[in-house]
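*Asks:* Sequential numbering of the sequence shown, starting at 284, is according to the working numbering.
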Amino acid sequence: MGTVLSNVFGTSGMAILESLAEGRSVVDELPKLIHHSVKKKLGMLTAALEAPLFPVPRKLLALQLKRLEVVEENIQDVEGLIAAQMAPHKQQLELLMSIPGISLTSACVILAEIGVDMSVWPTEKHLSAWAGVAPGCRESGGKNMRAAARKGNPYLCSALMECAIAAVKAKDCHLGGKYRHLCAQIGSKKKALMAIARKLAVIIYRLMSKGATYQEPISQPPSSKSRHRSIQRHIRDLEKLGLMVQLTPIPAFS
């Protein structure tokens with residue numbers, strides 16, 4: 284069944300597992316058990332579930348489902364405790380969740396790690412360094428050289444990286460465009476994500492300091508210097524593919 288359903292523990296998968304654990308005729312009930320989005324897989328599911336489930340595996344499945352139910356209840360209890368602790372900071376949570384990529388769970392983690400008082404960090408750079416998303420710096424011969432990101436708070440760093448992954452996938456978010464630009468510029472998705480995580484840390488610091496919610500920045504036309512560099516980069520990429528490029532400006536952009 285796992286090869287047919289993308290998520291065995293989804294709505295359809297759990298309904299089938301519960302039916303199997305109770306010893307009911309799954310094949311007969313299958314059209315009622317599965318979600319409408321899985322109806323097209325009815326034939327494959329029927330073929331996968333034709334073989335009967337013997338008593339011992341059925342009892343073991345029932346035991347595992349009971350364990351899963353207990354774990355889910357425990358998770359709900361923990362989430363209730365977290366919600367009670369975070370109730371006084373509802374405004375700050377809403378502020379954080381206005382930022383692309385930050386969910387309620389991520390907002391709770393971030394708030395638990397940094398608190399609500401941003402004055403403990405002199406600048407946004409200090410917060411980024413403490414979070415472990417600031418670029419490292421290695422000096423040699425009086426010159427500053429690139430280095431790996433500094434080690435910081437592992438919980439906050441992980442939360443910011445997860446938020447960065449979600450933010451770059453968000454629709455109509457400038458962070459997605461920034462991520463794609465960095466990927467093309469530095470050639471590393473991991474480093475680009477780290478840069479977006481640092482950007483999120485900066486946004487969090489500024490918004491928490493001002494007590495303002497996030498507003499998507501208005502896109503600005505690229506400067507002449509940036510436009511020229513972008514053109515030259517695309518020309519080089521095309522020349523590597525064996526193409527000769529001849530530029531003809533469009534009157535509307537000239």
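Each residue gets a CB set at the ideal place from its N, CA and C atoms; glycine is no exception.
Remember, it's a predicted structure, so these values are computed and weren't measured experimentally.
(1) In angstroms with no decimal places, state the Cα-to-Cα distance between I317 and E355.
(2) I'd like the span of the alpha helix (DSSP H) that includes E499, first residue to last.
(3) Buried or exposed, going by whether 16 or more other CB atoms sit within 10 Å of the CB of M401?
(4) Locate the alpha helix (DSSP H) running through I527, then write down its first and last residues.
(5) For Y488, tell me which candidate among P338, Q347, N290, G398 has the shortest Cα-Cα distance.
(6) If we ignore side chains and look at the alpha-carbon of each, how far apart do Q515 and S386 end up?
(7) Comparing alpha-carbon positions, which option in L303, S389, G384, Q503 lies nearest E362?
(8) On the premise that M527 lies in contact with L476, defined as a C-beta separation below 8 Å, what is that separation, rounded to the nearest angstrom?
(9) Let me confirm a value: G384 is counted as buried when at least 16 other C-beta atoms fall within 10 Å, else exposed. Which label applies?
(10) Quick check: the Cα distance between A330 and V309, rounded to an integer number of angstroms?
(11) As a quick exercise: from K373, K342, L300, pick the residue whose alpha carbon is nearest that of M491.
(12) Would you list, in sequence order, the uninterrupted beta strand (DSSP E) runs of no fewer than 3 residues that lie entirely inside the region 365-451?
(13) Beta carbon of Y462, beta carbon of I479: below 8 Å?
(14) Unbroken beta strand (DSSP E) runs of length 3 or more, entirely within the region 336-370: which are they?
(15) Take L313 as the anchor and find which of L332, A304, L439 has the nearest alpha-carbon.
(16) Applying the criterion that 16 or more other CB atoms from any shown protein chain within 10 Å of the CB defines a buried residue, is R481 buried or exposed?
(17) Is DSSP giving R510 helix, strand or coil here?
(18) Could you check the C-alpha separation between P405 and V485 for me, to the nearest Å?
(19) By the 10 Å Cβ neighbour count, where 16 or more other Cβ atoms means buried, how is S320 classified, buried or exposed?
(20) Report yes if the C-beta distance between A334 and A304 is below 8 Å; otherwise report no.
*Replies:* Put simply:
(1) By 1-based counting over the sequence shown, the position of residue 317 is 34. By 1-based counting over the sequence shown, the position of residue 355 is 72. Distance between the alpha carbons of I317 and E355 is about 22 Å.
(2) Working through the sequence shown from its first residue, we reach residue 499 at position 216. First-last for E499: undefined, no H or E at that position.
(3) For the purposes of this step, residue 401 is taken as the residue at position 118 of the sequence shown. It counts as buried.
(4) Mapped onto the sequence shown, residue 527 falls at position 244. It is worth fixing the name first, because residue 527 is Met in this sequence and not Ile. From DSSP, M527 is part of no alpha helix (DSSP H); its letter is neither H nor E.
(5) Sequence index remark: in the sequence shown, residue 488 carries index 205 (1-based). Ranking P338, Q347, N290, G398 by Cα distance to Y488 puts G398 first.
(6) As a first step, residue 515 is located in the sequence shown; it is residue number 232 there, counting from the start. As a first step, residue 386 is located in the sequence shown; it is residue number 103 there, counting from the start. In a straight line, the C-alpha of Q515 is about 39 Å away from that of S386.
(7) What you label residue 362 is simply residue 79 of the sequence shown in a count that begins at 1. When only C-alpha atoms are compared, the closest one is S389.
(8) As a first step, residue 476 is located in the sequence shown; it is residue number 193 there, counting from the start. As a first step, residue 527 is located in the sequence shown; it is residue number 244 there, counting from the start. Their Cβ separation, rounded to whole angstroms, is 35 Å, which puts L476 and M527 out of contact at 8 Å.
(9) Here the question's residue 384 lines up with position 101 in the sequence shown. So G384 ends up on the buried side.
(10) Looking up residue 330 in the sequence shown gives position 47. Looking up residue 309 in the sequence shown gives position 26. When rounded, the distance between both Cα atoms is 11 Å.
(11) Position 208 of the sequence shown, counting from 1, holds the residue named residue 491. The shortest C-alpha separation from M491 is found at K373.
(12) 419-423, 426-430
(13) Stepping through the sequence shown from its first residue, residue 462 is reached at position 179. Stepping through the sequence shown from its first residue, residue 479 is reached at position 196. Against a cut-off of 8 Å, the Cβ pair of I479 and Y462 comes out as a contact.
(14) none
(15) Walking along the sequence shown from the start, residue 313 turns up at place 30. Out of L332, A304, L439, L332 has the C-alpha closest to the C-alpha of L313.
(16) As a working note, residue 481 is residue 198 in the sequence shown. Classification of R481: buried, given that the 10 Å Cβ count is 16 or more.
(17) Mapped onto the sequence shown, residue 510 falls at position 227. If DSSP states are grouped into helix, strand and coil, R510 belongs with the helices.
(18) For the purposes of this step, residue 405 is taken as residue 122 along the sequence shown, with counting starting at 1. For the purposes of this step, residue 485 is taken as residue 202 along the sequence shown, with counting starting at 1. Rounded to the nearest angstrom, the two C-alpha atoms are 12 Å apart.
(19) Sequence index remark: in the sequence shown, residue 320 carries index 37 (1-based). Flag for S320 reads exposed.
(20) Walking along the sequence shown from the start, residue 334 turns up at place 51. Walking along the sequence shown from the start, residue 304 turns up at place 21. It is not a contact, given that the beta carbons lie outside the stated cut-off.
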